[in-house]
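Protein chains: 2
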Amino acid sequence: MATKRADRRTDPLTLEVVELIGAIVARYHEEYEQAAAQHSLTGAQARVLGLLSLEPTPMRQIARKLRCEPSNITGIVDRLEARGLVERRPDPADRRVKLAAATEEGRSTAGRLRDSLDFAREPLADLTAGERTVLRDLLQRMLGGPDAPGV
Amino acid sequence: MATKRADRRTDPLTLEVVELIGAIVARYHEEYEQAAAQHSLTGAQARVLGLLSLEPTPMRQIARKLRCEPSNITGIVDRLEARGLVERRPDPADRRVKLAAATEEGRSTAGRLRDSLDFAREPLADLTAGERTVLRDLLQRMLGGPDAPGV
DNA sequence: TATTGTTATACTCTATAACTATA
DNA sequence: TATAGTTATAGAGTATAACAATA
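Line order of the protein sequences matches chains A and B.
The numbering used here numbers the first residue of the first sequence as 15 and each following residue consecutively.
The numbering used here numbers the first residue of the second sequence as 15 and each following residue consecutively.
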């Protein structure tokens, strides 16, 4: 008979893939922190700056995207602002809101940081286009891709 | 002519896979911290406890495996020890060394924590054995697997 | 009343430097 | 002298609770 779904959660092949994903996650994080440090940024600062380099964002929304308490964002943006990478602007539509926005220098720093994040790009370059397509599709399904039920 | 390796670092398909890996990393971390919190552990405490549940380990070696300074391990083990999950033992071979070891309760907690880390296992169960094999091979090559040059 | 951002507080993680006890 | 573990210190991230300004 065919393998049951429950069995597929604990079989050796699955555990092997779980180990590999753990290794990928550890390495990704390490290289991300390293790249941030090369620009004298902490990981959290780099994530916020990367977000703001795309578009000005209310403090509360930054917290939602980073999945942390809004009170933490105050300090992180304070430190980025002190370095001239970010500025706070009023929101014309709602005077309670403050929009955090990357400055010109902030966008430049964010861009250089993105370019230095070679971890994922570099090893992927060794795969053929076909292999990368397969990898993309499998990862999408793992995350609950476009075809996933309930999305 | 064929696509050059350098181009394969910046083509849309590669960037798409990079995005997906970022999403996997974010979700993995989030669920790991969540699982740790359910046992009233921080992420760092959970990682150390997981390590010690495998075998007693000198303080210095824990730091090397977690890639942090040895002085940090003192506090983390202190807190785990205060909760009875870990104990310090002398090393008969070298009186400078202290072996941190998980207690019976510590091993039990580590085991329950492992079981609750369903993120990777659960979505993988939706893939067939063939797909999981392909995924394993691709991830191995990304990490510089057995066939990688220079290993 | 509810929401936005901030402040105050406490805890943890982190790196650095100096200390102790061994080797 | 070199190494293992610790202590002291300072900066950063985190959650919680309370607050002022605005909606």
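Even glycine gets a Cβ: it sits at the ideal position worked out from N, Cα and C.
Note that the coordinates shown come from a computational prediction; the quantities given were computed from them, not determined experimentally.
Problem set entry | Three CB pairs or more closer than 8 Å across the stretch 39–54 of chain B and the stretch 81–90 of chain B | no
Exercise. Residues of chain A with a CB under 8 Å from the CB of B/Leu-138: which are they?
Worked result: Arg-22, Arg-23, Thr-28, Val-31, Val-32, Met-156
Exercise. Is any beta-carbon of chain B found at less than 8 Å from that of A/His-43?
Worked result: yes
Problem set entry | Pairwise C-alpha distance: A/Arg-41 and B/Glu-95 | 29 Å
Exercise. Mind pulling the beta strand (DSSP E) runs of 3 or more residues that sit fully within the stretch 73–109 of chain B?
Worked result: 100–105
Exercise. How many whole angstroms separate the CB atoms of A/Ser-54 and A/Arg-121, which I take to be in contact at a CB cut-off of 8 Å?
Worked result: With a Cβ gap of about 17 Å, A/Ser-54 and A/Arg-121 do not count as contacting.
Exercise. For A/Arg-146, does the count of other Cβ atoms within 10 angstroms reach 16, so buried, or fall short, so exposed?
Worked result: buried
Problem set entry | Below-8 Å beta-carbon distance, B/Ile-87 vs any chain A residue | no
For this session: Figure out for me which residue from B/Arg-23, B/Asp-132, B/Gly-57, B/Arg-135 has the closest Cα to the Cα of B/Ile-90.
Result: B/Gly-57
Problem set entry | Start and end residues, beta strand (DSSP E) containing B/Leu-131 | Where B/Leu-131 is concerned, there is no enclosing beta strand (DSSP E), given that its DSSP letter is neither H nor E.
Exercise. Quick one: is A/Glu-69 near chain B, going by C-beta distance under 8 Å?
Worked result: no
For this session: Please list the partners that B/Arg-78 has in chain A, where partner means a Cβ-to-Cβ separation under 7 Å.
Result: Simply none; closest approach about 13 Å.
Problem set entry | Burial state of B/Leu-157 (16 or more Cβ within 10 Å) | exposed
For this session: Please report the residue range of the alpha helix (DSSP H) in which A/Leu-153 lies.
Result: 143–156
For this session: Label B/Ala-143 either buried or exposed according to how many other C-beta atoms from any shown protein chain fall within 10 Å of its C-beta, with 16 as the threshold for buried.
Result: exposed
Problem set entry | Whole alpha helix (DSSP H) elements within the stretch 25–70 of chain A, 4-residue minimum | 26–52, 57–66
Exercise. If you draw a straight line from the alpha carbon of B/Leu-131 to that of B/Ile-35, how long is it in whole angstroms?
Worked result: 18 Å
For this session: Measuring alpha carbon to alpha carbon, tell me which of B/Leu-27, B/Ala-60, B/Ile-87 ends up nearest A/Leu-153.
Result: B/Leu-27
Problem set entry | Cβ of A/Ile-35 within 8 Å of any chain B Cβ | yes
Exercise. Among B/Val-62, B/Val-39, B/Pro-137, which has the Cα closest to the Cα of A/Arg-23?
Worked result: B/Pro-137
Exercise. Which value, in whole angstroms, describes the spacing of the CA atoms of A/Pro-163 and B/Ile-38?
Worked result: Reliability of the predicted coordinates at A/Pro-163 is poor, the pLDDT of 47 falling under 50, and no value is obtained from them.
Problem set entry | Nearest neighbour of B/His-87, chosen from B/Pro-72, B/Thr-117, B/Lys-18, B/Asp-140 [CA to CA] | Per the sequence presented here, residue 87 of chain B reads as Ile, with His not at that position. Nearest of B/Pro-72, B/Thr-117, B/Lys-18, B/Asp-140 to B/Ile-87, Cα basis: B/Pro-72.
For this session: Can you pull the chain A residues whose beta carbon is under 9 Å from the beta carbon of B/Arg-38, in chain order?
Result: Here residue 38 of chain B turns out to be Ile, not Arg, going by the sequence shown. What B/Ile-38 touches in chain A: Ile-35, Ile-38, Val-39, Tyr-42, Leu-153, Met-156, Leu-157.
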